[in-house]
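Following: one structure in structure tokens, then a few remarks.
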Amino acid sequence: MNFTQLNLTEKIRLYLQTNTRKKLNLFVFLFPGTLWLIFFFIFPLAIVLIYSFLERGTYGGVSWIFTIENYERLFNPIYWTVLLRSLYLAFLTTFFCLLVGYPLAFFIVMQPPRWRNTLLLLVIIPFWTNFLVRIYAWIVLLRNEGVINVVLQGLGIVSEPLELLFTPFAISIGLIYGYLPFMILPLYATIEKFNFSLIEASHDLGANDWRTFWRVVLPLTSRGIIAGSLLIFIPSVGEYVTPDILGGAKTLMIGNLIQNQFSGARDWPFGSVLSIIMMAIVLLPILIYFRISEE
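Counting in the numbering used here, the sequence shown runs from -15 upward without gaps.
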């Protein structure tokens, strides 16, 4: 029987059956992912939030006594210095990755198709090596007897070794090196879809190269810029391996401070507070990205 031939009651019953079946199928598909998020994201986050309002135990851990003293400790200028340094290094890393990655992504897109995959492979190849090994390799390059200082002294540019290792400069170099591919790949994906005939149209309308870039190319590739910036800024803020190795524990970032609170000082409540603050900082650019994506 055709649907149009059914009476109103039968149509409603058929609609409800179909709608219920769709909701059940949707629930079955979403249930594994929802369960994963609950146990491995929401539940641990709730534990961290609860711990942030508890007192430190005598021998570490927590004592189940409610307090807001942990949040009051954030007003100490020492912690704000570490936080601002983390934000500064993260912004610096993101900026230089964009400065290097944007023209490099354009260069790859402009190559013949047979060369693009090879160039992309060269961008990805560093991921084939363990991250710690690559960071330790920078010690060989940056130390006083390292390759960079030996070359500079050999060329007569400097008379004595430069203090490169265990400095904020070394941390910045390590972060830029480690996260640069995360800027190149989303930019490449965006620029590859760019309609280059728009550049010719802009020139025909009297715009020069600089005006064309700012009014045409940059706005239409902004999604790749934002995505790449988020992929770099978010992990850079909480980075602790690179500062620990290349900074020599002299330049603390918030990731190092959190790690020290949980392992060295065994002050889990204050470590939880710092984790909450870092997550709030990371959440802000994500919300901005979603707001821009909706427009």
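Beta carbons are placed, not taken as given, at the ideal position from N, Cα and C, and that holds for glycine.
N- and C-terminal bounds of the alpha helix (DSSP H) containing residue i
{"i": "Trp64", "result": "61 to 93"}
{"i": "Ser247", "result": "238 to 247"}
{"i": "Leu214", "result": "206 to 221"}
{"i": "Phe23", "result": "It is not in any alpha helix (DSSP H) - Phe23 carries neither H nor E in the DSSP assignment."}
{"i": "Glu176", "result": "152 to 176"}
{"i": "Leu103", "result": "97 to 108"}
{"i": "Leu182", "result": "181 to 188"}
{"i": "Leu230", "result": "225 to 230"}
{"i": "Asn114", "result": "First-last for Asn114: undefined, no H or E at that position."}
{"i": "Tyr55", "result": "53 to 56"}
Candidates the options: closest to residue i by CA position
{"i": "Glu144", "options": "Pro152, Ile132, Ala154, Phe153", "result": "Ile132"}
{"i": "Leu29", "options": "Met263, Phe274, Leu230, Ile272", "result": "Met263"}
{"i": "Leu215", "options": "Ile119, Ile34, Phe79, Phe115", "result": "Phe79"}
{"i": "Leu159", "options": "Pro97, Val225, Leu146", "result": "Val225"}
{"i": "Asn297", "options": "Leu268, Pro16, Gly85, Gly162", "result": "There is no way to answer for residue 297, as the model of the chain reaches only from -15 to 279."}
{"i": "Ile261", "options": "Phe59, Phe27, Met167", "result": "Phe59"}
{"i": "Phe166", "options": "Thr65, Asn244, Pro110", "result": "Pro110"}
{"i": "Ile272", "options": "Arg195, Ile210, Phe246, Leu88", "result": "Ile210"}
{"i": "Ala74", "options": "Ile270, Gln245, Gly222, Gly41", "result": "Gly222"}
{"i": "Pro87", "options": "Trp252, Pro269, Asn244, Leu164", "result": "Leu164"}
{"i": "Phe274", "options": "Arg207, Trp64, Asn240, Asn244", "result": "Arg207"}
Residue range of the unbroken beta strand (DSSP E) whose run includes residue i
{"i": "Val201", "result": "Segment: none, Val201 is in no beta strand (DSSP E) and carries neither H nor E."}
{"i": "Glu46", "result": "What sits at residue 46 in the sequence shown is Val, not Glu. Taken as a continuous stretch (DSSP letters only), the beta strand (DSSP E) holding Val46 covers 46 to 50."}
{"i": "Arg40", "result": "38 to 40"}
Whether residue i touches residue j by CB criterion (8 angstroms)
{"i": "Asn54", "j": "Ser36", "result": "yes"}
{"i": "Gln95", "j": "Leu106", "result": "no"}
{"i": "Leu82", "j": "Gly248", "result": "no"}
{"i": "Ile242", "j": "Ser259", "result": "yes"}
{"i": "Phe254", "j": "Arg57", "result": "yes"}
{"i": "Leu67", "j": "Ile270", "result": "no"}
{"i": "Asn240", "j": "Asp251", "result": "no"}
Taking three-plus beta-carbon pairs below 8 angstroms as touching, is the stretch 153 to 164 in contact with the stretch 175 to 189? no
Can you list the alpha helix (DSSP H) stretches of 4 or more residues lying completely in the stretch 119 to 155, in chain order? Fully enclosed alpha helix (DSSP H) runs of 4 or longer: 131 to 138.
Touch check for the stretch 199 to 213 and the stretch 226 to 245: three-plus C-beta pairs under 8 angstroms? no
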